[in-house]
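Chains as they are written, first to last, in the numbering used here: chain X, 3 to 108; chain G, 347 to 674; chain P, 247 to 364.
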Amino acid sequence: MSILDYFSAILLAGGVFFSFTGAIGLFRFPDFFTRVHAASVTDTIGVILIIAGLLLQTSFDLNIIKLLLILAILLLTSPTASHALAKSARHGGLLTLAESNRSNDR
Amino acid sequence: MTEVLIDLVLLGMLAMTALRVIFLKDLFAVVMLFSIFSFVSALIFINLDAVDVAFTEAAVGAGISTVLMLGTIALTGRTEKKNSHSSILHLVVVCVTGAALIYGTMDMPPFGNADNPIHQHVAPRYIEDSPKEVGLPNIVTSVLASYRGFDTLGETVVVFAAMIGVLSLLGTARPTNKRATPESGLAKHRVLHVVAKIIIPFIILFALYVQFHGDYGPGGGFQAGVIAAAALILYALVFGASFAHRIVSPRQLEVFAPLGVLLYASVGLVGMIKGANFLDYNVLASTAAAGQHYGIIIIELGVGLTVFAAMLGLFYAFSNQVERSNVQ
Amino acid sequence: MSVIVDYYNYWIVVFLMMAGFYVVISANNLVKKVVGLNIFQTSVFMLYISMGKVSGGTAPIIIEGVTQYSNPLPHVLILTAIVVGVATTAVGLSLVIRIKHAYGTVEENEFQNEDDAI
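What follows is the structure, encoded as structure tokens:
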């Protein structure tokens, strides 16, 4: 294994770690907004690390450009989707955990 | 070994998704689970080397089907009512059928074996001779457009017929009287507007790439038509249907859909006029290889046009129903 | 053991088919029935594609130096079937919308009761 392979392995492992924590957060977090937050960790840092790891695995050819395009599209669309989801929930009248606790205390 | 492991994990995810669909009463969640089911099955298709199929499943099953189903539950209500009749009989029927099918698989040749009968007869000829006879690297496109061109013509006609069926059931989307206003669509979502405006040109560019690069990589008219329709569906969802009608009106779609089928069939007729069989492309140009190339590009264009018009027409018909029920 | 390795793919696909089939016959709501039908349909696609797989083969796009390809014929059949499938699904869903207009409900037992009352 060359030095690039080690770097690639570290980056891929990091990507897997963040995707995995995102998935756990999706199940374990208490309310909608924290869950969206956990899911969007998978979309952003997980994807960046995995694609960076894959970039180190390819030889210098067209695949690099394809991977970078995939990264650009994902970084543009995934946060937008999370934003639209959270905003629609807010628009529909869903309160965060802190807010609903406060209204319960009163 | 890795392939088997990936396959097993994905199939397990599919099984869990399917089981969840059975027990959920919230139809919105059911439709979303179906979308996930489609995406995961697209991954399985990639693992089984069917890249063209995976492409189509991801665009059609997960994209268009989900949008149409969501449109339907917007009209029919979101929850399934409690089921009154007993499900024991259903379970028995399903178990007996499943047991019979599994008994049937025992006589099938083992999975993935290169000596299976299916790989012995037609496929070797396609794999060995199609690069010489048709001259395209993508065997799936060669078979789809050239060897089985008549079959594909039939499929295109079925898509066209389904569009006619839906339009006659739901009525054509008439151009709305009210002017297109920014209030329609998701007016409050400024971020969505900006991002949609950035990525829609790229989606259309990608559709054109898939359409004309389908001879060399995965893709072709079916996928390209669906992707182009998805770009306009995104526009209609974010900005409102009346804006999308100004770009491609329902009336234009009613012209595009038959035009694609006619384009496809007329390639076959030109071959007949030149003295060959229906859909024989060899005579279209001076050499057989060039003729095949022209024929495939033109019929893929016809397929793309019909599929684009049909998918967008279906969406317009459904969204028109939803808007009408919102007005009432 | 070899039986499991040889057939596990077909068995899981049969299980998915039966899950879709169960939804079709047991669900009361027509939209859910359509979803079940689609699950059944996708599982059938998977059965066909599984049959075309050759272990050690690659996707059927000619590359220099590769001799073992998966069978392209099931891919062609299923590719067109997927697009036709969504078109027919759309026809089914528009029939559901028509039923909703005519009866005011899409629950199977409710509109059957209305039919019986006539």
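For each residue, glycine too, the CB sits at the ideal point set by N, CA and C.
Using a Cβ-Cβ cut-off of 8 Å (strictly less than) and excluding sequence neighbours within five positions of histidine 535 (chain G), which residues of its own chain qualify?
Val584
Excluding five sequence neighbours on each side, which residues of the same chain lie with their C-beta closer than 6 Å to the C-beta of alanine 582 (chain G)?
Ala590
Alanine 404 (chain G) to aspartate 398 (chain G) span [Cα, whole Å]:
10 Å
List the DSSP bridge partners of tyrosine 315 (chain P).
P:Thr304
How many whole angstroms separate the CB atoms of phenylalanine 9 (chain X) and leucine 58 (chain X), which I take to be in contact at a CB cut-off of 8 Å?
6 Å
Opposing strand residues paired with aspartate 475 (chain G) [DSSP bridges]
Aspartate 475 (chain G) pairs with nothing; no bridge assigned.
Pick from G:Val594, G:Lys620, G:Gly648 that is closest to alanine 611 (chain G), judged by C-alpha positions:
G:Gly648
Does lysine 68 (chain X) have its Cβ less than 8 Å from a Cβ in chain G?
no
So, for alanine 631 (chain G): in the same chain, excluding its five sequence neighbours on each side, which residues have a beta-carbon less than 7 Å away from its beta-carbon?
Gly637, Tyr640
Assign tyrosine 562 (chain G) to one of two classes, buried (16 or more other C-beta atoms within 10 Å of its C-beta) or exposed (fewer than that).
exposed
DSSP three-state assignment for asparagine 275 (chain P), whether helix, strand or coil
strand
Using a C-beta to C-beta distance shorter than 7 Å, which residues of chain G count as neighbours of glycine 350 (chain P)?
Going along chain G, no residue has its Cβ under 7 Å from glycine 350 (chain P), so there is no contact; the nearest lies around 10 Å.
Please return the same chain residues whose Cβ sits closer than 7 Å to the Cβ of alanine 88 (chain X), not counting the five positions on each side in sequence.
Phe35, Val38
Between valine 406 (chain G) and chain P, is there a C-beta pair that is closer than 8 Å?
yes
Alpha carbon of asparagine 462 (chain G) to alpha carbon of proline 456 (chain G), nearest angstrom:
8 Å
Determine, using beta carbons only, whether leucine 538 (chain G) comes closer than 8 Å to chain X.
yes
Spell out the partners DSSP gives glutamate 208 (chain P) in its beta bridges.
Here chain P has residues from 247 to 364 only, and residue 208 (chain P) is not among them.
Just reading off the alpha helix (DSSP H) that serine 411 (chain G) is part of, what are its end residues?
Segment: none, serine 411 (chain G) is in no alpha helix (DSSP H) and carries neither H nor E.
Assess contact between the segment 71-81 of chain X and the segment 15-29 of chain X, defined as three or more Cβ pairs (one per stretch) separated by less than 8 Å. Is contact present?
no
Under 8 Å, Cβ to Cβ, is there at least one residue of chain P near leucine 599 (chain G)?
no
Along the alpha helix (DSSP H) that carries leucine 56 (chain X), what are the first and last residues, could you check?
49-59
For aspartate 252 (chain P), which three-state DSSP category applies?
helix
Any Cβ of chain G within less than 8 Å of the Cβ of threonine 79 (chain X)?
yes
Quick check on aspartate 705 (chain G): does DSSP put it in helix, strand or coil?
In this structure chain G extends from 347 to 674, so residue 705 (chain G) is not present and cannot be described.
Taking the alpha-carbon positions, what's the serine 514 (chain G) to glutamate 669 (chain G) distance?
18 Å
Quick check on DSSP: helix, strand or coil for aspartate 353 (chain G)?
helix
Do three or more CB pairs link the segment 357-366 of chain G to the segment 408-428 of chain G at distances below 8 Å?
no
Thinking just about the alpha-carbon of each residue, which of G:Gly571, G:Phe391, G:Ser384, G:Thr363 is nearest to the one in isoleucine 352 (chain G)?
G:Phe391
If you draw a straight line from the C-alpha of isoleucine 473 (chain G) to the C-alpha of proline 306 (chain P), how long is it?
8 Å
Any beta-carbon of chain X closer than 8 Å to the one on lysine 534 (chain G)?
yes
Tell me which same chain residues have a C-beta within less than 7 Å of the C-beta of alanine 273 (chain P), skipping the five on either side of it?
Lys279, Gly282
Identify the contact partners of alanine 41 (chain X) in chain G, using a Cβ-Cβ distance below 9 Å as the criterion.
Ordered by position in chain G, no residue passes the 9 Å Cβ test against alanine 41 (chain X), which lies about 13 Å from the chain.
Using the beta-carbon count (16 or more within 10 Å), is glutamine 314 (chain P) buried or exposed?
exposed
Residue(s) in a DSSP beta bridge with threonine 425 (chain G):
G:Asp372
Can you check which of these residues, X:Ser84, X:Leu99, X:Leu56, X:His85, is closest to aspartate 7 (chain X) by C-alpha distance?
X:Leu56
Per DSSP, cross-strand counterpart(s) of asparagine 484 (chain G):
P:Ile307
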